[in-house]
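Listed in order, the protein sequences are those of chains A and B. Note that the working numbering has the first sequence beginning at 46, numbered continuously upward. Note that the working numbering has the second sequence beginning at 1273, numbered continuously upward. Below: the structure, in structure tokens.
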Amino acid sequence: MWKNLYTWLDERFGLDDMYKNLLDRPEPKTSWWNTLGSASLFLFVLQGLTGIFLTVYYTPSPDHAYDSIQYIMEGVAFGWLIRGIHHWGATLMVLVVFIHMLRVFYTASFKYPRELTWLIGIGLFLATLGMGFTGYLLPWNQKSFWATTVGTQIAGTVPLIGDFILKALRGGPDLSALTLQRFFSAHIWMIPAVLAALIGIHLFLIIKHGESHWPKKED
Amino acid sequence: MNDETKKQINKRYEQELDKGERFWPDSIFRDVVVSLGIFLLLILLASFVGVPFEPKADPSDTSYIPRPEWYFLFLFKFLALYGQLPLIGKIEWLATVLIPTIAIGALTLIPFIEKSPNRYYSKRVLPISFMSVMVVGIVLLTIMSEVPTVTEDGSKLLGTLQTVVGIFIPLLAYILLFVFKKNNRLMIWTASLAAVFMILVSGTVMALAPEKAVEEVEVPATLVDQITAGQDLYAVNCTECHGDDGSVAVIEGVEGLEGEKITPINSRDVLYTITDSAMAEVIAYGRPNAGMPPFGKTYGGELTRSEIDYINIFIRYMWDDRFEAPEIKPLFPPLAEGEVPSYDVHIQPIVKRYCISCHRAGKDNNDFLMTSYDEILTTGDNVEHNVVAGDENSYLLQVIQQHAIMNPDNPGEEMIGVMPPTKALKPDIVDAFTRWIMNGMPQTAEDAAALSGAQP
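Structure follows, in structure tokens:
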């Protein structure tokens, strides 16, 4: 019965092909350092899941943002756990992605034929920082408010177009409800969409070229 | 890169694959172990470290020292150090835009900058040294981010040392690396010495850094704490005019507003029709035409956004009959028979709630200030009579027991009226004050406990 079901699904999905192409791939001997990429992916998924849960209660308006997070922490069952994981997950994700990048650099895994994987990776790194930057404002507390004030100010020092960038980021000359709204939108829609697309390409390239081997004397 | 090299690289990879493993189940096993470890770590962090409480954003509080997220701290520090440099330090965008752009650009283009097909470490000493100095710099700048560049005594020593770590040594190392480009041994020496010196100098900086005063911002987190915080703030800021239960309809005993008619703020008219945010605006902006001054920092008062919110929460839960108040902790722990109260545990919360609304700087109070232990004992026009250890005729005890103090020179004239002016204190509070003064005003709980023990 299970066998029949499997065959039925296999005929339609091509499960055997998937197994052969995705899972039963040959790999060079890898080390624990090679797990950081999948750890980044795991953290991305975890941040996504906890983030989706947080949007159920979070309200992106200066009047309610702070209180809604207070409510998540105090009123919602296991809200503190979800927010705690999201909070620390952000820190850990920046760290893991950064160390992953260093690993690729030190083992020179970015060289032929994996140059494009590296370029996409840089995009992923910058997008991760963008997630951190936009997410930091959302709790709308003193720390986040002033951190964003400084952050956007620095962006405003670009010659000629600085003022435009500053106003585009803040939605006006000062931090306001508009800033919070657009940071929220960037944090839950724009940057994650970019991240997901880049992760897709990154993974495709990794499967296509296989994981690079640890460099030896003859390399 | 020609086709011959490419073919070679691909052949090398095939060799490695032959000696290698399968993705499933060999490689993925490690991936799963690490991911699960991370998940566990996150749960532990969330459970035992948690997310620190922060007060609500307050755009008017310009005294707040802004700092970015920790992973941007190194950049923040770098900007601060760069700003100290003579001449180019003034051209801000060089450091905020040009240098980061070059850094990210170089990082992105690494595959096209480092074109040799060599992958082994000893064949890549230059790029590895370059990156290592950069990473050491980033880590050290992050560690030093808390240390000020100019200390309170005006010394710029720390700032200079930090600039040496963050700018001069790396710059020198980079120049030397390019000079020694052909010599692996010298490049390794350069990078290692640079890293060692950077670590040593920043170690010195950390050792010399002024001890950071641990400022603990206590943020009321639970509803009960918020209500209590709101009640204390209300007592200080609002009681004078609105009364401690918000029922005042005609203001009495307030200079300049005597006889002013106001709507009792504990009435349904107010509570049912004015929303929290409207109420917050009223408190922040005041009602200048009706005599109410602004209380929000934005408009020159002294309350932050969070503090106004706490007052609102207190008002809602105490007076609005649509809200059910949680159980509130008593103002001070009840006193046992023969127990001596202390300032820290008993008197301070009482004073905060009932007295300092008037007995603080800038109010009409015969210069008797009560915001700290020392002030209570050492201020006031009648300081020698106000609070006298073991004397039940202390003015403070007299007036809170509804005996006004008459002017000794003119017995018909009241020198100090009964306190608080509008509503007598409850007997347990009067009792706490009496026991405190009769036993010599102990400050800490330990002092009070020692005195309690001495009682028969």
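Idealized CB from N, CA, C, for every residue including glycine.
Checklist entry - Just curious, the alpha helix (DSSP H) that isoleucine 1622 of chain B is in, first and last residue? => result 1620 to 1626 is the extent of the alpha helix (DSSP H) around isoleucine 1622 of chain B.
Next on the checklist: Can you check whether the C-beta of lysine 253 of chain A is within less than 8 Å of a C-beta belonging to chain B?
Outcome noted: no
Item to check | First through last residue of the beta strand (DSSP E) which encompasses proline 1683 of chain B | outcome: According to the DSSP assignment, proline 1683 of chain B belongs to the beta strand (DSSP E) that extends over 1682 to 1688.
Item to check | Secondary structure, alpha helix (DSSP H): runs of 4+ residues fully inside the stretch 1313 to 1375 of chain B | outcome: 1345 to 1356
Item to check | the stretch 1548 to 1568 of chain B contacting the stretch 1582 to 1595 of chain B, beta-carbon criterion three pairs below 8 Å | outcome: yes
Checklist entry - Can you name the residues of chain B whose CB is closer than 9 Å to the CB of serine 113 of chain A? => result Result: empty, since nearest Cβ-Cβ is about 12 Å, beyond 9 Å.
Checklist entry - Distance, Cα to Cα, leucine 1370 of chain B vs glycine 1361 of chain B? => result 13 Å
Next on the checklist: Once the 5 residues before and after arginine 1707 of chain B are set aside, which same chain residues still bring their CB inside 8 Å of it?
Outcome noted: Leu1607, Glu1611, Val1612 and Pro1613
Next on the checklist: Let me check one thing: in DSSP terms, what residues is isoleucine 246 of chain A bridge-paired to?
Outcome noted: DSSP, once it has assigned bridges, lists no residue as partnering isoleucine 246 of chain A.
Checklist entry - Using a C-beta to C-beta distance shorter than 7 Å, which residues of chain A count as neighbours of methionine 1551 of chain B? => result Under the 7 Å cutoff, chain A gives no residues; its nearest Cβ is about 12 Å from methionine 1551 of chain B.
Checklist entry - In three-state terms, what does DSSP make of glutamine 1727 of chain B? => result For glutamine 1727 of chain B, the predicted model reports a pLDDT of 49, less than 50, meaning its position is unreliable; a value from the coordinates is still stated below. Here glutamine 1727 of chain B sits in coil by DSSP.
Checklist entry - Hey, does leucine 1649 of chain B have any beta-carbon neighbour from chain A nearer than 8 Å? => result Chain A contact via Cβ: absent.
Next on the checklist: Excluding the 5 residues flanking arginine 1594 of chain B on each side, which residues of the same chain have their C-beta closer than 7 Å to its C-beta?
Outcome noted: Correct list: empty, nothing qualifies.
Item to check | For glycine 1568 of chain B: DSSP bridge partner residues | outcome: B:Leu1575
Next on the checklist: Alpha carbons only, please: which of B:Ile1555, B:Gly1475 and B:Val1522 is nearest the one belonging to leucine 1505 of chain B?
Outcome noted: Taking each of B:Ile1555, B:Gly1475 and B:Val1522 in turn and checking the Cα distance to leucine 1505 of chain B, the smallest one comes out for B:Ile1555.
Next on the checklist: For chain B, check one thing: does any of its Cβ atoms lie closer than 8 Å to the Cβ of arginine 237 of chain A?
Outcome noted: First, the amino acid is wrong: residue 237 of chain A is proline here, not arginine. It does not; no Cβ of chain B falls within 8 Å.
Checklist entry - Going along chain B in order, which residues have a C-beta closer than 7 Å to the C-beta of phenylalanine 87 of chain A? => result Ser1307 and Ile1310
Checklist entry - For a contact meaning CB atoms closer than 7 Å, what does glycine 145 of chain A contact in chain B? => result It is histidine, not glycine, that sits at residue 145 of chain A in the sequence shown. Within chain B, no residue comes near histidine 145 of chain A; the closest Cβ sits about 11 Å away, beyond 7 Å.
Next on the checklist: If I follow the unbroken beta strand (DSSP E) through methionine 1678 of chain B, where does it start and stop?
Outcome noted: First-last of the beta strand (DSSP E) with methionine 1678 of chain B: 1677 to 1679.
Item to check | Coarse secondary structure for valine 1655 of chain B, derived from DSSP in three states | outcome: When secondary structure is reduced to three states using DSSP, valine 1655 of chain B falls in the helix class.
Item to check | CA nearest to the CA of aspartate 1425 of chain B, picked from B:Ile1410, B:Pro1482 and B:Phe1469 | outcome: B:Pro1482
Checklist entry - Tell me which same chain residues have a C-beta within less than 8 Å of the C-beta of isoleucine 1385 of chain B, skipping the five on either side of it? => result Ala1378
Checklist entry - If you draw a straight line from the C-alpha of tryptophan 125 of chain A to the C-alpha of valine 142 of chain A, how long is it? => result 25 Å
Next on the checklist: Please classify glutamine 1498 of chain B as buried or exposed, where buried requires at least 16 neighbouring CB atoms within 10 angstroms.
Outcome noted: buried
Checklist entry - Would you call the stretch 206 to 213 of chain A and the stretch 1347 to 1364 of chain B touching, i.e. three or more CB-CB distances under 8 Å? => result no
Next on the checklist: Against chain B, which members of the stretch 66 to 83 of chain A pass a CB distance test of less than 9 Å?
Outcome noted: Listed in sequence order: Leu67, Leu68, Asp69, Arg70, Pro71, Glu72, Pro73, Lys74, Thr75, Ser76, Trp77, Asn79, Thr80, Leu81, Gly82 and Ser83.
Item to check | chain A contacts from the stretch 1359 to 1376 of chain B (Cβ-Cβ distance under 7 Å) | outcome: Glu1364, Trp1365, Thr1368 and Val1369
Item to check | Whole-angstrom C-beta distance between isoleucine 1441 of chain B and phenylalanine 1469 of chain B, which should lie under 8 Å | outcome: 6 Å
Checklist entry - Given a threshold of 16 other Cβ atoms within 10 Å of its Cβ, counted over all protein chains shown, does glutamine 1674 of chain B qualify as buried or as exposed? => result Exposed, because fewer than 16 other Cβ atoms sit within 10 Å of the Cβ of glutamine 1674 of chain B.
Item to check | Interface residues of the stretch 1419 to 1445 of chain B facing chain A [CB-CB below 7 Å] | outcome: none
Item to check | Candidates A:Thr202, A:Gly96, A:Tyr64 and A:Arg128: closest to isoleucine 1363 of chain B by CA position | outcome: A:Thr202
Next on the checklist: Going by C-alpha to C-alpha distance, which of B:His1514, B:Val1408, B:Ala1562 and B:Tyr1336 sits closest to serine 1539 of chain B?
Outcome noted: B:His1514
Next on the checklist: For a contact defined as C-beta to C-beta under 9 Å, what are the partners of leucine 220 of chain A on chain B?
Outcome noted: Ala1329 and Pro1331
Checklist entry - Skipping 5 residues on each side, what residues in its chain have a beta carbon closer than 7 Å to that of methionine 1459 of chain B? => result Val1397, Leu1398, Ser1401, Leu1449 and Phe1452
Item to check | Complete runs of the beta strand (DSSP E) confined to the stretch 116 to 203 of chain A [at least 3 residues] | outcome: none
Checklist entry - From valine 1702 of chain B to tryptophan 191 of chain A, what distance separates their C-alpha atoms? => result Taking the Cα positions, valine 1702 of chain B is about 46 Å away from tryptophan 191 of chain A.
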